[in-house]
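J.: This structure is in structure tokens; I'll ask about it shortly.
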Amino acid sequence: MQINCLSFAASFSPVLSRTSMTSTPPHNFSWVDPDKLAGLALPRMKSEYQYLLDNGIKHLVCLCEKKPPCYDSCPELQLHHIEIVDFTPPSPSQIDRFLSIVEEANSKGEGVAVHCMHGHGRTGTMLACYLVKTRKISGVDAINEIRVLRKGSIETHEQEKAVVHFHQRTK
5 MQINCLSFAA
15 SFSPVLSRTS
25 MTSTPPHNFS
35 WVDPDKLAGL
45 ALPRMKSEYQ
55 YLLDNGIKHL
65 VCLCEKKPPC
75 YDSCPELQLH
85 HIEIVDFTPP
95 SPSQIDRFLS
105 IVEEANSKGE
115 GVAVHCMHGH
125 GRTGTMLACY
135 LVKTRKISGV
145 DAINEIRVLR
155 KGSIETHEQE
165 KAVVHFHQRT
175 K
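As structure tokens, then:
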């Protein structure tokens with residue numbers, strides 16, 4: 005059974021309608037590089053997608069096995085799907101693809117948000133690789149910084165190794 009997210013939300017609140025939609029921060033949303041790159045948990049409602057748009061984010065990178073629910077409710081938000089199995093690290097080519105998306109979007113003044121299910125493991129790994137590239141810091145320093153900014157990030161030893169290997173590959 006497929007649920008229309010807008011109709012579902014509107015059925016619980018008379019305030020919500022197709023012409024009037026509030027924006028709500030997605031769970032675990034935070035900027036890692038203001039106006040350029042943010043991390044978050046899986047968005048589930050149109051109001052969360054609207055929040056991204058309202059904050060200058062034009063690109064959403066999904067790292068889950070499946071695309072997020074209701075992602076097509078905001079056609080102005082471009083979805084990029086990089087499928088990574090939960091609790092596993094991204095491959096070098098997946099990291100490169102993610103960083104290319106961010107670089108291209110940022111060159112046009114467009115923000116990017118990246119998510120996995122809870123915004124910790126896969127998301128934290130990609131965010132740490134971004135810091136390695138943009139701040140020219142070590143993989144260990146990037147992991148530590150992401151963990152300060154986003155508690156619980158980078159959940160497995162393999163994900164940590166992916167960040168360290170990315171740093172070694174780009175030195």
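Sequential numbering of the sequence shown, starting at 5, is according to the numbering used here.
C-beta: ideal position from N, C-alpha, C; glycine also.
Could you give the DSSP three-state label for MET157: helix, strand or coil?
T.: This sequence places Ser at residue 157; Met is not what is there. In the structure shown, SER157 adopts coil according to DSSP, grouped into three states.
J.: Hey, how far is the Cα of ASN32 from the Cα of LYS175?
T.: 31 Å
J.: Spell out a yes or no on whether the segment 76-96 and the segment 123-130 are touching, meaning 3 or more CB-CB pairs, one atom from each, closer than 8 Å.
T.: yes
J.: Leaving aside the five residues before and after ILE61 along the sequence, list all residues of the same chain whose C-beta is less than 8 Å from its C-beta, in chain order.
T.: ALA42, LEU81, GLU114, GLY115, VAL116, ALA117
J.: Between THR138 and the rest of its own chain, which residues show a CB-CB distance below 8 Å, the 5 nearest in sequence each way excluded?
T.: ASP37
J.: Which residues in the same chain have their Cβ closer than 7 Å to the Cβ of LEU153, if we skip the five residues on either side of it in sequence?
T.: SER34, VAL36
J.: For HIS63 versus ALA109, is the C-beta spacing smaller than 7 Å?
T.: yes
J.: With which residues is HIS63 paired in a DSSP beta bridge?
T.: GLN82, VAL116
J.: Please report the residue range of the alpha helix (DSSP H) in which ALA45 lies.
T.: Boundaries for ALA45: no alpha helix (DSSP H) harbours it, and the DSSP string shows neither H nor E there.
J.: For CYS78 versus PRO72, is the C-beta distance shorter than 7 Å?
T.: no
J.: Look up VAL89 in the DSSP assignment and say whether it is helix, strand or coil.
T.: Per DSSP, reduced to three states, the secondary structure at VAL89 is coil, with no helix or strand assignment.
J.: Using 7 Å as the threshold, is the C-beta distance between MET121 and PHE102 below it?
T.: No, the Cβ-Cβ distance between MET121 and PHE102 is not below 7 Å.
J.: Taking the alpha helix (DSSP H) that PRO51 falls in, what are its first and last residues?
T.: In the sequence as displayed, the identity of residue 51 is Ser instead of Pro. SER51: member of the alpha helix (DSSP H) spanning 50-58, first to last residue.
J.: DSSP beta-bridge partners for SER34?
T.: GLY43
J.: To the nearest whole angstrom, what separates the beta carbons of HIS119 and LEU44, a pair I think is in contact under 8 Å?
T.: 5 Å
J.: So, with DSSP's three-state summary, where would you put ILE150?
T.: helix
J.: Apart from the five residues just before and just after VAL144, which ones in its own chain have a Cβ nearer than 7 Å to its Cβ?
T.: VAL168
J.: Measuring alpha carbon to alpha carbon, tell me which of PHE170, SER51, LYS155, TYR134 ends up nearest GLU107.
T.: TYR134
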